[in-house]
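The working numbering runs 1151 ahead of the 1-based position in the sequence shown.
Heads up, the beta-carbon is just placed ideally off N, CA and C, and yes, glycines get one too.
Read through the structure below, which is laid out as structure tokens, and then see the notes.
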Amino acid sequence: MIRPFKPSDREQILDMLKRIEQFNRDDVSIAMELIDIAVSLPSQRDYNIFVCEEERILGYHCTGRRPLTDGVYDLYWIVADPSAGKKGIGTLLLNHAEEFVKSENGRLILAETSSRDIYAGTRNFYLKNNYELLAEIKHFYTVGESLMVFGKYFRLN
1152 MIRPFKPSDR
1162 EQILDMLKRI
1172 EQFNRDDVSI
1182 AMELIDIAVS
1192 LPSQRDYNIF
1202 VCEEERILGY
1212 HCTGRRPLTD
1222 GVYDLYWIVA
1232 DPSAGKKGIG
1242 TLLLNHAEEF
1252 VKSENGRLIL
1262 AETSSRDIYA
1272 GTRNFYLKNN
1282 YELLAEIKHF
1292 YTVGESLMVF
1302 GKYFRLN
């Protein structure tokens, strides 16, 4: 079941993030920064967080409308618990994020990731779900590590 984030979900999300092998300490810190904004400012609308829960939290996604646009949303985070295995949690969360963006009159969703080999599965996940590689900014994170921007259009009018 996918439901809106509750402050009581914080610790389970932190535990899950720490178990993602691709994430370093900075990744976890940045992800938790958005979670903590949602905890401390429950009425904020910049970060829309939903969790997938079946007795425990199996994943979450966080989207937000990009300022100065008329319907572009960022998929800030989409995380599936590695202990849940390949049960389609990521796809379920991605589909939910897309439906949420469409319900908010969004026309485009963007997802950013790294060109590092460890993120090949993430890049393939977006391609498999009909996202296009819209941009590659070379040497973005570090020399030799590009920013890869994937996107999916829902409408152009």
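Item: Local conformation of residue 1198 per DSSP, three classes; Value: coil
Item: Beta strand (DSSP E) segment containing residue 1265, residue limits; Value: 1259–1265
Item: Assumed close pair residue 1210, residue 1177 - CB separation to whole angstroms, cut-off 8 Å; Value: Contact doesn't hold; Cβ gap of about 21 Å is too wide.
Item: Contact check, residue 1203 vs residue 1168, beta carbons under 9 Å; Value: no
Item: Distance, residue 1241 Cα to residue 1195 Cα; Value: 25 Å
Item: Where residue 1302 falls: helix, strand or coil (DSSP); Value: strand
Item: Status (buried if at least 16 other CB within 10 Å, exposed otherwise) for residue 1269; Value: exposed
Item: Same chain, Cβ closer than 8 Å to residue 1296, five either side skipped, listed in chain order; Value: 1265, 1266, 1267, 1290
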